[in-house]
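Numbering-wise (our numbering), the sequence shown opens with residue 197 and increments by one.
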Amino acid sequence: MPVSRTKSLLAIATLALSGCVAGESMMQETTRSLARTAVNGAANHYLPGVNVSPYTDCVINNAQTGELMQLAQYASAGANGATQAWPVVRTIASRPEATQCLIQSLSATDLLKVGGASL
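Okay, structure coming up:
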């Protein structure tokens, strides 16, 4: 095979692979976005009146890929989505890393202050 043809095939293969990587990245972003929607819905349902953003961030950042995919599916489940997502959310939130993340997030936003004193 001539060198120029080999280089051409390598260039095509490189472009094809970069397209796969970009596609995978887009899929991961979409999955995380949908999972975030499910976590927000569940947290708002079970923790009414609470700013759930720090909670959601900690859950999403400590979820495994399978859990993110499961939560993403619940995002389109309508009213039942929050109920279906909540056990998964609680499992993730109960992990030491997620709990530590939540404590740090709440401390940083002064949500753990009572009467001006930090807890």
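C-beta atoms are modelled at their ideal positions from N, C-alpha and C, and glycine is treated no differently.
Non-local beta-carbon contacts of Leu243 in its own chain, meaning distances under 8 Å to residues more than five positions away in sequence, involve Tyr251 in chain order. 8 Å or more divides the Cβ of Ala278 from the Cβ of Gly245.
Between the beta-carbon of Thr233 and that of Ala271 there is about 4 Å, and that keeps the pair under the 8 Å contact cut. Shown here, Asn258 sits in coil according to DSSP, grouped into three states, outside any helix or strand. Nearest neighbour of Leu230 by Cα position, chosen from Val255, Leu264, Val285 and Asn258, turns out to be Leu264. In this structure, the beta-carbon distance from Val248 to Ala294 does not fall below 8 Å. Cβ contact annotation for Val235 (same chain, cutoff 7 Å, sequence separation greater than five): Thr252, Val255, Ile256, Leu267, Ala281 and Val285, in chain order. One alpha carbon belongs to Ala275, the other to Cys297, and they sit about 28 Å apart.
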